[in-house]
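A.B. asks: Starting off with a structure, shown below.
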Amino acid sequence: MKTWKFGNDVNTDLITPGRYTITTDKTKLGKIAFIEYRPEFSKEVKSGDIIVAGTNFGCGSSREHAPVAIKAAGVSAVLAKSFARIFFRNAINIGLPLFVCEEIDRIDDGDLIEIDFETGRIYDKTKDLILRAKPLPKFIQKIVEKGGLVNFLRSESYV
Amino acid sequence: MGLTITERILANASHKSEVTSGDVVIADVDIVMAHDSTAPLAIEGLYRIGKKVFDPKKIVIIFDHFFPPPSVNAARLHQKVRNFVTEQKISNFLTNGVCHQILVEEFVSPGNVVVGADSHTCTEGAVGAFSTGLGSTDIAGAMATGKCWFKIPDSLRFNLSGLPGKGVYAKDVILNIVGDVGADGALYKAVEFTGDYVENTSVSSRLTLCNMAVEMGAKNGVIEADEKTRKFLGREGKIFKSDKDAVYEDEYEIEVGRIEPQVACPPTVDNVKPVTSVEGKKVDQAYIGTCTNGRLEDIEIAAKILKGKRIASNVRLLVIPASTKIYFDAFNKGYLQETIKSGGIICNPGCGPCVGRHEGVLAEGETCISTQNRNFSGRMGHPKAEIYLASSATVAASALAGEIVDPRGYI
């Protein structure tokens, strides 16, 4: 899948500016991801594409509209050196797969990559390169396996 | 091995005698907050979980991000939240100011675990609570269960000592720290402020310090409660303190007397410089308010600078008290009148233009100097508008000058 490469500290105002998030409509949100920061993204993103970013991706506001917009735009996973903590929780909660990988500098914008969601093995087809994502903590893995927090809480209690 | 205040509060809330950083705990929450911008998605999440709120008295819903509604869509979202509040019998539904200010004025006690669907929920840690921001689905989970999972964070300690110089306030201190540590310098960590500067400063200034913990990536900001806290809150709560042998991942010693008035330059909060290095930058809007600096002391500092003077003709000055209580206090002391006489505009308590939705949105090429906590591109309007962050003194002085100035010449 095609990658969209971003730098460090990409904040939620760049992902989904506050002026566009007075809605909970996921289709509308899908069209506004990076609307001002990278306008070509919303026009050209294809279902299954992957975002690759540097450190602290999703910093700033707690607005869940940011991962919702990214997921609704068709993005299948976000790969970053690190994530801001609220964005991380939000993405896990809504079932947007995240992968932490410190070697993403080796991937370039537009590279075609494949991620094995089970093992965290990342294959850059363009460069014939294999990278590995860090495994998620066990407790978080349980939420991921259920497809998000809503399903997790529907199927089991916290205790 | 000793525990930090954050570890103590989370251990207590998860019914454990000890916790270690990295542990995942399920903690009972005392307050679950959402505002008009984040409640709609939380409500949808709660409906999908299929439960009612666990305890209507522990849920607080506040309209502050776009109240009164500036558009039909905003009014529709308010309608949806109002219906939910009625249906779930939530009595703590308020429209009297910025959520974090209202939580400390009316709800939070020391030792509480507070979760809010707003990143600046780290503010409330300034009164000795564990308080953190979450997204809407996590808030839906907390509304449904009264619980939330947390990974016990490592703690960073910032020991602040000495007296600030003329024209230097808590905002300058925290901007200086964010500039040094960086936007992800405290990622996932608890940030604890200690030292004689913190002890001697007001609770309002402590709230300013904790408010910006998230701007360095922190999970929570926290300050131990003391007699000042008790007086400010009018509530006792349960006092937790860090053990003398508590373990910190890192400790910073900061002499506040060495800090000059600071500004965070666009487009990131950690792009911090002394105000003297950006003097002369023309401003179109000056904004004093928000959960960072919309308290009485901030409005007082500004009013004293503005008193008997007139703001520059190229500037619109907005002053927005963070709560109705502050609004009344500032009015009774004459601060709002002085502000209005100088050419300023007073808006209803709330977030104002901080999120770029109403009450002072910026055009392309405009520059705003603001007491808020974020200066990201596009935050207050057009992505090609610029936002500088500073203390209320720097903002008020800059409004008079029509350009960014060092406030020390105006005090």
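Residue numbers (this note's numbering), protein chains in the order written: chain A, 16 to 174; chain B, 1400 to 1810. From the three backbone atoms N, C-alpha and C, an ideal C-beta is built for every residue, glycine too.
Taking 6 Å as the limit between beta carbons, can you name the residues of its chain near A/A106, skipping five residues before and five after?
C.D. replies: Once the five neighbours on either side are set aside, the close Cβ partners of A/A106 are P82, L113.
A.B. asks: Going by DSSP, what residue range makes up the beta strand (DSSP E) through B/V1480?
C.D. replies: Per DSSP, B/V1480 belongs to no beta strand (DSSP E); it is in the alpha helix (DSSP H), 1471-1486.
A.B. asks: Among the candidates B/Y1787, B/F1465, B/K1488, whose CA atom is the shortest distance from the CA of B/V1497?
C.D. replies: When only C-alpha atoms are compared, the closest one is B/F1465.
A.B. asks: Could you tell me which of B/A1525, B/T1419, B/P1666, B/V1668 sits nearest to B/P1552, measuring between CA atoms?
C.D. replies: When each option's Cα is compared against that of B/P1552, the closest is B/T1419.
A.B. asks: Give the residues of chain B in contact with A/L164, contact being defined as C-beta atoms less than 9 Å apart.
C.D. replies: Neighbours of A/L164 on chain B, chain order: G1444, I1448, T1536, D1537, A1539, G1540.
A.B. asks: For B/R1778, return the contacting residues in chain A, with the cut-off set at a CB-CB distance below 7 Å.
C.D. replies: D28, G33
A.B. asks: Just by C-beta distance, which residues in the segment 1613-1647 of chain B are closer than 7 Å to chain A?
C.D. replies: G1616, K1618
A.B. asks: Please confirm whether B/L1362 and B/A1798 have their CB atoms less than 7 Å apart.
C.D. replies: This structure cannot settle anything about residue 1362 of chain B, because the visible part of chain B is limited to 1400 through 1810.
A.B. asks: Would the C-beta of B/G1449 count as close to the ligand COA, meaning under 6 Å from any of its heavy atoms?
C.D. replies: Looking for the ligand COA in the displayed structure turns up nothing, as the structure carries no ligands at all.
A.B. asks: Taking the alpha carbon of B/E1443 as the point to measure from, which residue in B/V1682, B/K1680, B/A1539 has its own alpha carbon closest?
C.D. replies: B/A1539
A.B. asks: So which residues of chain A does B/A1543 contact, with C-beta pairs closer than 8 Å?
C.D. replies: L168, listed in chain order.
A.B. asks: Taking the alpha carbon of B/R1773 as the point to measure from, which residue in A/T27, A/L168, A/K46 has its own alpha carbon closest?
C.D. replies: A/T27
A.B. asks: Classify B/T1770 as helix, strand or coil using the three-state DSSP reduction.
C.D. replies: The DSSP-derived three-state label of B/T1770 is coil.
A.B. asks: Here's a check: name, in chain order, each residue in its chain whose Cβ is nearer than 6 Å to the Cβ of B/Y1809, leaving out the five neighbours to either side.
C.D. replies: I1704, A1796
A.B. asks: Note the first and the last residue of the continuous beta strand (DSSP E) segment covering B/E1652.
C.D. replies: 1649-1654
A.B. asks: Determine the chain A residues that contact B/L1440 at a beta-carbon separation under 8 Å, and present them in chain order.
C.D. replies: Among the residues of chain A, those whose CB is under 8 Å from the CB of B/L1440 are T39, E79, H80, V83, following chain order.
A.B. asks: Expressed to the nearest angstrom, what Euclidean distance is found between the alpha-carbon atoms of B/T1600 and B/I1622?
C.D. replies: Answer to the nearest angstrom: the Cα atoms are 12 Å apart.
A.B. asks: Find the residues of chain A that neighbour B/Y1596, judging by a C-beta separation of less than 9 Å, and give them in chain order.
C.D. replies: None at all; the shortest Cβ gap to chain A is about 27 Å.
A.B. asks: I want to see whether chain A comes within less than 7 Å of B/Y1587, judged by CB atoms only; does it?
C.D. replies: Yes, because at least one Cβ of chain A sits closer than 7 Å to the Cβ of B/Y1587.
A.B. asks: Tell me which residues share the same chain as B/T1544 and place their Cβ nearer than 7 Å to its Cβ, disregarding the 5 neighbours each side in the sequence.
C.D. replies: Excluding sequence neighbours, B/T1544 sits near F1453.
A.B. asks: Determine the closest residue to B/E1505 out of B/Q1487, B/R1481, B/I1458, with distance taken between C-alpha atoms.
C.D. replies: B/I1458
A.B. asks: What is the rounded straight-line gap between the Cα of A/Q156 and the Cα of A/I50?
C.D. replies: 31 Å
A.B. asks: As a quick exercise: from A/K58, A/G89, A/L94, pick the residue whose alpha carbon is nearest that of A/G22.
C.D. replies: A/L94
A.B. asks: Taking a Cβ distance cut-off of 9 Å, strictly less, list which residues of the segment 117-146 of chain A are near chain B, in chain order.
C.D. replies: none
A.B. asks: Whose Cβ in chain A lies nearer than 7 Å to the Cβ of B/F1775?
C.D. replies: N26, D28, L29, G75
A.B. asks: Using the DSSP secondary-structure output, state which residues sit across from B/V1802 in a beta bridge.
C.D. replies: Here residue 1802 of chain B is Glu; the residue named in the question, Val, does not match the sequence. Per DSSP, B/K1681.
A.B. asks: Should B/S1791 and B/T1770 be called a contact, given that it needs their Cβ atoms to be closer than 7 Å?
C.D. replies: Cβ distance < 7 Å, so B/S1791 and B/T1770 count as in contact.
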